[in-house]
Amino acid sequence: MKIGVVTFPGTLDDRDAQRAVRLAGGTPVPLWHADTNLHDVDAVVLPGGFSYGDYLRCGAIAAQAPVMQTIIEKANQGLPVLGICNGFQVLVESHLLPGGLIRNENQHFICRDQTLRVENTSTAWTNQFQLNEEIVIPLKNGEGGYIADAETLKRLEGENLITFRYVDVNPNGSMNDIAGLRNAKGNVVGLMPHPEHAVEAGFGPDMPEAMRSGVDGLKFFTSVIHSLVNA
Amino acid sequence: MLNKKTATNVDTTKEAKNTPDKHQPWKELGLKLEEYDEIKTILGRRPTSAELAMYSVMWSEHCSYKSSKIYLRQFGEKVTPEMTKNLMVGMGENAGVVDIGEGWAVTFKVESHNHPSYIEPFQGAATGVGGIVRDILTMGARPIAVMDQLRFGAPENPDTRRVVDGVVAGISFYGNCLGLPNIGGETVFDKVYQGNPLVNALSVGALRHEDLKLAKASNPGDLVILFGARTGADGIGGVSVLASETFDSTGPTKRPAVQVGDPFAEKVLIECCLELYKAQVVAGIQDLGGAGLSCATSELASNGQAGMRVQLQNVLLRDDSLTPEEILMSESQERMMAIVPKKDKAAFEAIVNKWEVEYSILGEVIKEPRLYINWGDEEIVNVPPRTVAHDGPVYDRPVAEPKYQKALNKNTTKNLEKAETPEELATQLIQIVTSPNQASKNYITDQYDHYVGGNTALAMPDDAGMVRVDETSSLGIAIATDANGRYGQLDPYAGAQLALAEAYRNVATSGAVPAAVTNCLNFGSPENPEVMWQFKQATAGLADGCLELGIPVTGGNVSFYNQTGDVAIHPTPVVGVLGVIDDVARRIPSGWQDAGHNIYLLGTTEEELDGSVWSEVIHDHLGGLPPKVKLQEELKLAQALQAASVQGLLASAHDLSEGGLAQALVESTTRFNVGARVFLDELEEKNKISKTAVLFSETTARVLVTVGREDDVKFVGLCEQRGIPITRIGVTDTEPTLEIQNIASWPLATLKAASEATLPELFA
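Chains as they are written, first to last, in the numbering used here: chain A, 1057 to 1287; chain B, 5 to 768.
This is the structure in structure tokens:
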């Protein structure tokens, strides 16, 4: 399976996302922000970072990049797209997912091992999880506070679009403890925490069994491969 | 500051010849009369104002090392061939380069950004990170991690909060945005840093041997290209004015002299440079940091034993009103200068265009060892580059042991009251582990990304940071930095060695083999003989210590004039040790993860409380002599840890330093919530020391380890065979409490919460 990983100027976790794809058994394909060609990839990851310096507003400039025009078009046709952190912000700015992301409640950048509850497993990126499974994924962001108007929140809850919720600690003041969302079709998923940093024992988050042993993030990538194989 | 001039009214070399007696602001630019006269002798005329700007900034203490040079030489002299055999690039370049095997090399360095960080903490700290990262990039390496060594004033002083907030936010902002994991560092509070915080930043990078780049321009005809951010008015004179003057509350405001950083521009510049290296289109490269273009042009030419012709009007500006002198001195960030063969011009342009990085061709390399800089048709600089970059003044300044030194050393902790009852000892333990210097630093380090890159094997609060370099073989490196200004004040020679010993020990506890040393020497004014004595002692101590441990100094940085008014900071030589580990999967954690393991203290504990955290927190006392330096014991201990790590015998290892055994016990238990039952009576009897010393002595060459039952006999045998003193002091336990028999028992949750509450209560 060919999974594209987009690099915008200022993207930081692109090589990490490529590694995650590889460890899950896929083939990572680097995609360049200025290139509208997706090179026949079967799915796309928008990795974390500070695209275009996050000037103006996080993800706002990236949403206008040439590569995003193709990704938006294909996503609307069903192409699996995962937005991680800055990638989630790009998805929101591209209107592939609703709402917005603002400065963390405590005004600081936060880096921590975060527990999430998987609340929806019928997506391209979460089908290998158990419903309500609790997973540990590193979170690192400055602007991760999820906001939406009351009507949108009601719709997200009612249509079961909230895919991940923060457990124990809501680190950034996100409304309804929202850590991640999916679109109605389930092909587009975005979240603030970083699954690509929890794919390899020795380099992941601390777990009760052993330090840095968490690999819960790998299932995001095996999920998309599973969904593509069974498509 | 230079007078503003219109671009058409420039001081040319022709003008300089015609007006030999024209008054020039050499004094305002920080030059001494002898230095100004020396410039006139070199040139055979008065310098133009552009030349004066270049010399003044390049001959400043910060750039020329004029007061420290005679002492820094010993780092290159006190070495053995064995020590330097893996050194690919030694001192003098932007950063030293060490061969770590498998075709990989590593470059690392620590640098100060102290004065800008007091004036403007956010930008000062941010550009400190940016500057050191560009030094690493310049060697041809991909930067792979950063660390920070921070020293602030008294935590309760209201101004400390301003500095802490700004510095931490600046590092977080810049480092996180660059995508470099922050893997460790130090945070220390002491009133001696009140008006002069220390903000040191370390970066490490990895490269394949064949990718090594040097800052030199040697082939005539090669193009001189400036690329990256545009040149603006920021940091003009920052180097000479900021780094060479002491703060004086009555002086003029120097705010505009601090540079402003754009980490996004730097991230793009890093990726752009790495692509240029890969395409092999640069013959030499230099970053623009302190002294900007003055430094880059003269150093590249001088290093290449060649010259350069530069058209200054080709520099792309953010502000068109800049004078030629200002352009030469500007310290605008995120700029690089490349030397590019003409045949590679098109390839170079394609890559910088891909990354949308602006560039301009300033001129070319010439055979004649002379630096010519023109402003349009007018020649404004015509100098031998070596005289600017390398042959600056060298001073052997007067030294004198401080008048207070003997009295300070006599004022020991011997007569300070020591706790005897369990209740008193327990109270002191809590006071110590929750004091700002000993408490958890999570409040700060949680603001740094330590995950990016996916190669971080250890990070704070572990003793050392560790990063994988090769994903296939798992080859990696470990780094630890240390300094203790209180020890330095009591004995600067020993203080430097103690910093070295602790960093060395920290690397060894991670399972890595110590391989090389970098340093950032933070001191007061070199014009004060007492400070110069401290500097002389510290550099001798460090050089002698490195020789004894068999690891070379690969580079470093000196920061003088760290003082407010006449009061110098404590001598604070920050020492960084780099270690190599063949397989990062073998790394030893510092926290305890399993119950039922034996806890051993390796080394001997002595009654060493002078200069300790105990003396500071409990008695607000500083006097006596610091703990004894035991480098032979450190060597043996490191080798034993190494052997035990290779055989997989260690479940954890944590070095004992500030706060002694008590601190290590609290950190090891609270890290992963694994309890312990500890008995210290044997330690007290065997070493014939007080209970206070058992808990809080800072005797060196000690490590706390835990060993699984199945490895116990083997590990004890290994230590005995190597003559390492070993005492079993307890077992780890499923019960989440720390029980020190005959003293007290604490739930781990209580200890952790207390330790983590200190910094947020002060600064959140």
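C-beta atoms are modelled at their ideal positions from N, C-alpha and C, and glycine is treated no differently.
When DSSP labels each residue in this structure, what does residue i get in the three-state scheme?
i, result
"A/F1106", "coil"
"B/C299", "helix"
"B/K783", "Since the first residue of chain B shown is 5 and the last is 768, residue 783 of chain B is not available in this structure."
"B/Y455", "coil"
"B/T703", "coil"
"B/Q646", "helix"
"B/K258", "The predicted model places B/K258 with a pLDDT of 39, which falls under 50 and marks its position as unreliable; any figure quoted below should be read in that light. Three-state result, B/K258: coil."
"B/T673", "helix"
"B/L280", "helix"
"B/A247", "In this prediction, B/A247 scores a pLDDT of 35, lower than 50, which makes its location untrustworthy; the coordinate-derived value is nonetheless stated afterwards. Three-state DSSP puts B/A247 in a helix."
"B/D466", "coil"
"A/F1064", "coil"
"B/M333", "helix"
"A/M1124", "helix"
"B/T609", "coil"
"A/A1266", "coil"
"B/H27", "coil"
"A/D1070", "helix"
"B/D266", "coil"
"A/R1075", "helix"
"B/S656", "strand"
"B/S339", "It should be pointed out that residue 339 of chain B corresponds to Arg in this sequence rather than to Ser. Strand at B/R339."
"B/W596", "coil"
"B/S121", "helix"
Name, please, each residue of chain A whose Cβ falls closer than 9 angstroms to the Cβ of residue i.
i, result
"B/G94", "The contacting residues do not exist; B/G94 stays about 31 angstroms from chain A at best."
"B/S759", "Residues of chain A passing the Cβ test: none, with the nearest at roughly 17 angstroms."
If the cut is a Cβ gap below 8 angstroms, which residues of chain B does residue i touch?
i, result
"A/G1066", "C181, F268, K271, V272"
"A/D1224", "Near A/D1224 there are no residues of chain B at all, since even the closest Cβ is about 14 angstroms away, more than 8 angstroms."
Whose Cβ in chain B lies nearer than 7 angstroms to the Cβ of residue i?
i, result
"A/R1075", "G458"
"A/D1069", "V456"
"A/F1106", "C181, F268"
Quick one: measure Cβ to Cβ for residue i and residue j, integer angstroms, because I've assumed they're closer than 8 angstroms.
i, j, result
"B/G549", "B/A500", "7 angstroms"
"B/Q538", "B/P593", "B/Q538 to B/P593, Cβ: 37 angstroms. No contact."
"B/E116", "B/S563", "The sequence given here places Ser at residue 116 of chain B; Glu does not occur at that position. Right, their Cβ atoms sit about 4 angstroms apart."
"B/N4", "B/P345", "Residue 4 of chain B is absent from the structure shown; chain B starts at 5 and stops at 768."
"B/L304", "B/M340", "Actually they are not in contact, since the Cβ atoms of B/L304 and B/M340 sit about 11 angstroms apart, beyond 8 angstroms."
"A/V1100", "A/I1140", "The Cβ separation is near 11 angstroms, so there is no contact."
Along chain A, which residues have their Cβ under 7 angstroms away from the Cβ of residue i?
i, result
"B/P593", "M1267"
"B/S444", "Correct list: empty, because the minimum Cβ distance to chain A is about 13 angstroms."
"B/Q597", "A1266, M1267"
"B/S176", "F1165"
Can you list the residues of chain A that residue i reaches, using a CB-CB cut of under 8 angstroms?
i, result
"B/V588", "G1258"
"B/Y452", "F1165, C1167"
"B/A461", "G1258, F1259, R1268"
"B/F849", "The shown model of chain B, from 5 to 768, leaves out residue 849 of chain B, and the question about it has no answer."
"B/E686", "Chain A residues near B/E686: none, gap ~30 angstroms exceeds 8 angstroms."
"B/E360", "P1065"
At 9 angstroms on the CB atoms, spell out the chain B contacts of residue i, in chain order.
i, result
"A/P1086", "Chain B residues near A/P1086: none, gap ~12 angstroms exceeds 9 angstroms."
* Asked: Unbroken beta strand (DSSP E) runs of length 3 or more, entirely within the stretch 517–576 of chain B: which are they?
  -> Entirely contained in the stretch 517–576 of chain B, the beta strand (DSSP E) runs reaching 3 residues are, in chain order, 517–526, 557–563.
Notebook entry, point to check: Is it a yes or a no for the stretch 188–204 of chain B touching the stretch 145–156 of chain B, going by three-plus beta-carbon pairs under 8 angstroms?
Noted result: Three or more Cβ pairs drawn from the stretch 188–204 of chain B and the stretch 145–156 of chain B lie within less than 8 angstroms of each other, which places the two stretches in contact.
- Task: Take every Cβ of the stretch 696–707 of chain B, pair it with every Cβ of the stretch 416–429 of chain B, and state whether three or more of those distances are shorter than 8 angstroms.
- Result: The stretch 696–707 of chain B, when compared against the stretch 416–429 of chain B, does touch it at the 8 angstroms Cβ threshold.
- prompt: Should the stretch 124–134 of chain B be called in touch with the stretch 90–106 of chain B, which here means at least 3 C-beta pairs below 8 angstroms?
  reply: Counting Cβ pairs under 8 angstroms, fewer than three are found: no touch.
**OP:** Pair every Cβ in the stretch 49–57 of chain B with every Cβ in the stretch 68–78 of chain B, then say whether three or more of these pairs are closer than 8 angstroms.
**Re:** Touching, no.
Quick one: any contact between the stretch 471–483 of chain B and the stretch 445–463 of chain B, if contact means 3 or more CB pairs under 8 angstroms? When C-beta atoms of the stretch 471–483 of chain B are compared with those of the stretch 445–463 of chain B, three or more pairs fall below 8 angstroms, so the two segments count as touching.
If you pair each beta-carbon of the stretch 730–750 of chain B with each one of the stretch 601–615 of chain B, do three or more pairs fall below 8 angstroms? Yes, the stretch 730–750 of chain B touches the stretch 601–615 of chain B.
Next item on the list: Entirely within the stretch 1154–1224 of chain A and at least 3 residues each: give me those beta strand (DSSP E) ranges in chain order.
Entry: Correct list: 1156–1158, 1166–1174, 1190–1197, 1201–1203, 1218–1222.
Worksheet item: Which ranges would you report for the beta strand (DSSP E) in the stretch 189–221 of chain B if only whole runs of at least 3 residues count?
Response: The beta strand (DSSP E) runs lying completely inside the stretch 189–221 of chain B and spanning 3 residues or more are 202–212, given in chain order.
Examine the Cβ distances between the stretch 612–619 of chain B and the stretch 553–563 of chain B and report whether three or more of them are shorter than 8 angstroms. Segment contact: the stretch 612–619 of chain B against the stretch 553–563 of chain B, fewer than three CB-CB distances shorter than 8 angstroms; contact not assigned.
### Task
Count the C-beta pairs between the stretch 1240–1250 of chain A and the stretch 1057–1067 of chain A that are closer than 8 angstroms, then say yes if the count reaches three, no if not.
Taking 8 angstroms as the limit for Cβ pairs, the verdict is that the stretch 1057–1067 of chain A does not touch the stretch 1240–1250 of chain A.
Do the stretch 281–295 of chain B and the stretch 134–148 of chain B touch if we need at least three Cβ pairs shorter than 8 angstroms? Output reads yes: the stretch 134–148 of chain B touches the stretch 281–295 of chain B.
* To do: Take every Cβ of the stretch 668–679 of chain B, pair it with every Cβ of the stretch 630–638 of chain B, and state whether three or more of those distances are shorter than 8 angstroms.
  => Between the stretch 668–679 of chain B and the stretch 630–638 of chain B, the count of C-beta pairs closer than 8 angstroms stays below three; the two stretches do not touch.
inquiry  = With a threshold of 8 angstroms, are at least 3 pairs of Cβ atoms found where one atom belongs to the stretch 1146–1163 of chain A and the other to the stretch 1171–1181 of chain A?
reply    = Verdict: no, contact absent.
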